[in-house]
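Numbering (my numbering), first residue to last: 1282 to 1499.
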Amino acid sequence: MDMRYVIHGGLSDDPLLPPEIELPDPQGHPVEPVLSPEIELPKPQRHRVKPEQFFRGTPSEHLKEAKKALADGYKPHKNPMKTVWGRVFDAQRHLSTINQRSKEYKEARRLMKEVHIRIEGIEKISSILARRLMIKQREMVADEFEFLFLAKGFDARIALTGPDKSYLKMECPPLCETFILKIVQDTDLLLYLERADFKKVTLGDGERFSWSHTFGSG
């Protein structure tokens, strides 16, 4: 399942660059954001650049604004989670307007390398947070699944294993083969689990019968 996550490198002054954090669409299922308290985000600035002002800027002005954007709120830390990256994407926009004919081009290229380094760091953090989010979501799904069965009087035992807790195994003694297959065929259980990015599910009575499904196996 392809889910994209983007965490911008700082809250932007620029109305053309959305400052939000994009998280996966839960598609009707509750998702609890898992943003580490270690992560620092810069405070949004009040000044906003109008589009017409941006496009009228000279190479020198764009270079100046790019430097300002990279420095604005930038706080490196040995723990990448605590790094505040500055307004990286604002800087990228400004540097991208400077062409090879400009005397500022050489310095713009140097700064663009710094932009790319920071973007790489941001993407790594984005990947870590996305992974944490999906693990948390799978834990919530398992808890909800177990609660529903217990509420109906079934002694359901659910375990999460595998990479990033992506394998769900449920054992429930009263469940017979007919009942398990009915759950699979007549409910949205598999779709529900697939949306939470589970890779494998196993249902059984813990003794005689066990049914497994691997997602993405066709």
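Just so you know, even glycine gets a beta-carbon here, dropped at the ideal spot from N, CA and C.
All figures in this text were calculated on a predicted structure; none of them were measured in a lab.
{"Asked": "Straight-line Cα distance separating residue 1352 from residue 1450", "Found": "50 Å"}
{"Asked": "Closest residue to residue 1444 among 1415, 1462, 1456 and 1465 (Cα-Cα distance)", "Found": "1415"}
{"Asked": "Nearest-angstrom beta carbon gap, residue 1437 and residue 1430 [assumed within contact, 8 Å]", "Found": "4 Å"}
{"Asked": "Where the alpha helix (DSSP H) through residue 1415 begins and ends", "Found": "1386-1432"}
{"Asked": "C-beta atoms of residue 1446 and residue 1413 nearer than 9 Å", "Found": "no"}
{"Asked": "Nearest residue (CA-CA) to residue 1343, options 1372, 1355, 1357 and 1356", "Found": "1372"}
{"Asked": "Start-to-end residues for the alpha helix (DSSP H) that takes in residue 1350", "Found": "1340-1352"}
{"Asked": "Through-space distance from residue 1375 to residue 1404, alpha-carbon basis", "Found": "20 Å"}
{"Asked": "Range of the contiguous alpha helix (DSSP H) that encloses residue 1483", "Found": "Not the alpha helix (DSSP H): residue 1483 falls in the beta strand (DSSP E), residues 1481-1485."}
{"Asked": "C-beta contact flag for residue 1458 and residue 1496 at 9 Å", "Found": "no"}
{"Asked": "Cα-Cα separation, residue 1369 to residue 1383", "Found": "22 Å"}
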